[in-house]
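Participant:
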Amino acid sequence: GHTLVSLKVPSADPIHKVTIIPRGMALGVTQQLPEGDRHSYTKEYLLSQIAILMGGRIAEEVFFGEDRITTGASNDIERATEIARAMVCEYGMSDLGPLAFGKKEEQIFLGKEITQHRNYSEDTAIKIDQEVRKIVSQQYERAKKIILENREALERLAEELIKRETLDGVQVRRLIAGLPLDEEDEKVSDSDTGGSIKEENKSLGRLKKPIIPPITPNNPATA
867 GHTLVSLKVP SADPIHKVTI IPRGMALGVT QQLPEGDRHS YTKEYLLSQI AILMGGRIAE
927 EVFFGEDRIT TGASNDIERA TEIARAMVCE YGMSDLGPLA FGKKEEQIFL GKEITQHRNY
987 SEDTAIKIDQ EVRKIVSQQY ERAKKIILEN REALERLAEE LIKRETLDGV QVRRLIAGLP
1047 LDEEDEKVSD SDTGGSIKEE NKSLGRLKKP IIPPITPNNP ATA
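What follows is the structure, encoded as structure tokens:
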């Protein structure tokens, strides 16, 4: 799901590799490499990132049904919400206008109790939550439309991932376009993938607020 959506939304970083080989806590990875250093993000880019992060959960719903969704998308949902909240509270990229709200909440210790202090009213907090929900919901629907319109392409991608375990960006784009793959192609080596991830993390580490490439849930269809 992440992979398909990332190829269909503007401003997304190019797909480098997709794998269903488990890495750490992730049961698979959609790896995107920025074409250059990013020192700031456009609103279009951030919205696309949220849509991409929603791709895994939507793929689960489409292929397995709403009652069989898993916890695999929990980290994606958390990061999508964080991006949306930053757009509202830090970047002034919402209908609330170019305002910053409570950049950091201070913890006030009162005996054994901890209370959260914020520099805006309860009414404003409600409006912020509404804006965050609206941004995420709009990008969820955007990603869902993409997946429903390209379901056959996603099925092709999932089937090939089951056979090969790892696909590079060129192979992914050919599959999505409905073009055949060369059967002589060798699998992308695991060591090559690992090296690329280190290179990507080094690049992202230079950013103030890195948008980490989406991690796929625990099945090939949501890659």
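Under my numbering, the first residue of the sequence shown carries the number 867, and numbering increases by one thereafter.
By construction, the Cβ of each residue, glycine as well, lies at the ideal position given by its N, Cα and C atoms.
Give the C-beta separation of alanine 1009 and alanine 917 to the nearest angstrom, bearing in mind that I take them to be a contact with Cβ-Cβ under 8 Å.
Facilitator: Here the question's residue 1009 lines up with position 143 in the sequence shown. Here the question's residue 917 lines up with position 51 in the sequence shown. Right, their Cβ atoms sit about 4 Å apart.
Participant: To which residues of the same chain is isoleucine 924 closer than 6 Å at the C-beta, ignoring the five residues directly before and after it?
Facilitator: As a working note, residue 924 is residue 58 in the sequence shown. Counting only Cβ-Cβ distances below 6 Å, and skipping sequence neighbours, we find Gly867, Ala1009, Lys1010 and Ile1013.
Participant: From leucine 1027 to glycine 963, what does the alpha carbon distance come to, in whole angstroms?
Facilitator: Locating residue 1027 in the sequence shown gives position 161, counting from the first residue. Locating residue 963 in the sequence shown gives position 97, counting from the first residue. Roughly 44 Å between the two C-alpha positions.
Participant: Just how far apart, CA to CA, sit valine 1038 and leucine 1023?
Facilitator: Taking the first residue of the sequence shown as 1, we reach residue 1038 at position 172. Taking the first residue of the sequence shown as 1, we reach residue 1023 at position 157. Cα to Cα, valine 1038 sits roughly 7 Å from leucine 1023.
Participant: Going by other Cβ atoms of all chains shown within 10 Å of its Cβ, with 16 needed for buried, is aspartate 879 buried or exposed?
Facilitator: Residue 879 sits at position 13 when you count from the first residue of the sequence shown. It is buried - the Cβ of aspartate 879 has at least 16 other Cβ atoms within 10 Å.
Participant: Roughly how many whole angstroms lie between the Cα atoms of aspartate 1048 and cysteine 955?
Facilitator: The residue given as residue 1048 occupies position 182 in the sequence shown. The residue given as residue 955 occupies position 89 in the sequence shown. For aspartate 1048 and cysteine 955, the distance between alpha carbons rounds to 48 Å.
Participant: Is DSSP giving leucine 1033 helix, strand or coil here?
Facilitator: In the sequence shown, the residue the question calls residue 1033 occupies position 167. Strand, per DSSP.
Participant: Name, in chain order, the residues that DSSP records as bridge partners for isoleucine 881.
Facilitator: By one-based count along the sequence shown, residue 881 stands at place 15. According to DSSP, which records beta bridges pairwise, isoleucine 881 is partnered with Gln898.
Participant: For the alpha helix (DSSP H) holding tyrosine 1006, just list the boundary residues, first then last.
Facilitator: Locating residue 1006 in the sequence shown gives position 140, where the first residue counts as 1. 988 to 1015 is the extent of the alpha helix (DSSP H) around tyrosine 1006.
Participant: Is it buried or exposed for valine 895, if we count other Cβ within 10 angstroms and need 16 for buried?
Facilitator: The residue you call residue 895 lines up with position 29 of the sequence shown. Looking at its Cβ environment, which holds 16 or more other Cβ atoms inside 10 Å, valine 895 is buried.
Participant: Can you tell which of Val875, Glu1031 and Ala1019 has its C-alpha closest to the C-alpha of proline 1046?
Facilitator: If you number the sequence shown from 1, residue 1046 lands on position 180. Ranking the options by Cα distance to proline 1046, first place goes to Ala1019.
Participant: Please classify valine 1036 as buried or exposed, where buried requires at least 16 neighbouring CB atoms within 10 angstroms.
Facilitator: As a first step, residue 1036 must be located in the sequence shown, where it is residue number 170. Valine 1036 is exposed by the Cβ-count criterion.
Participant: Pop quiz: glutamate 901 and serine 877 are said to be a contact at Cβ under 8 Å. What is the actual Cβ separation, rounded to whole angstroms?
Facilitator: Locating residue 901 in the sequence shown gives position 35, where the first residue counts as 1. Locating residue 877 in the sequence shown gives position 11, where the first residue counts as 1. Their Cβ separation, rounded to whole angstroms, is 11 Å, which puts glutamate 901 and serine 877 out of contact at 8 Å.
Participant: Report all residues from its chain with a CB closer than 8 Å to the CB of arginine 1040; omit the five preceding and five following residues, and keep chain order.
Facilitator: Your numbering for residue 1040 matches position 174 in the sequence shown. Closer than 8 Å at the Cβ level, and outside the excluded window around arginine 1040, lie Pro1046 and Leu1047.
Participant: Excluding the 5 residues flanking glutamate 927 on each side, which residues of the same chain have their C-beta closer than 7 Å to its C-beta?
Facilitator: Along the sequence shown, one-based indexing puts residue 927 at 61. Closer than 7 Å at Cβ, skipping near neighbours: Ile935.
Participant: Is the Cβ-Cβ distance between glycine 931 and valine 871 less than 8 Å?
Facilitator: Position 65 of the sequence shown holds residue 931. Position 5 of the sequence shown holds residue 871. No, they are not a contact pair.
Participant: For lysine 1064, does the count of other Cβ atoms within 10 angstroms reach 16, so buried, or fall short, so exposed?
Facilitator: Numbered from its first residue, the sequence shown carries residue 1064 at position 198. Model confidence at lysine 1064 stands at a pLDDT of 42, short of 50, so the residue's coordinates are unreliable; what they give is reported in the following sentence. By the neighbour-count rule (16 or more Cβ atoms within 10 Å), lysine 1064 is not buried but exposed.
Participant: Do you know whose CA, among Leu873, Phe967 and His882, lies nearest serine 987's CA?
Facilitator: As a first step, residue 987 must be located in the sequence shown, where it is residue number 121. Selected option, being the one with the closest Cα: Phe967.
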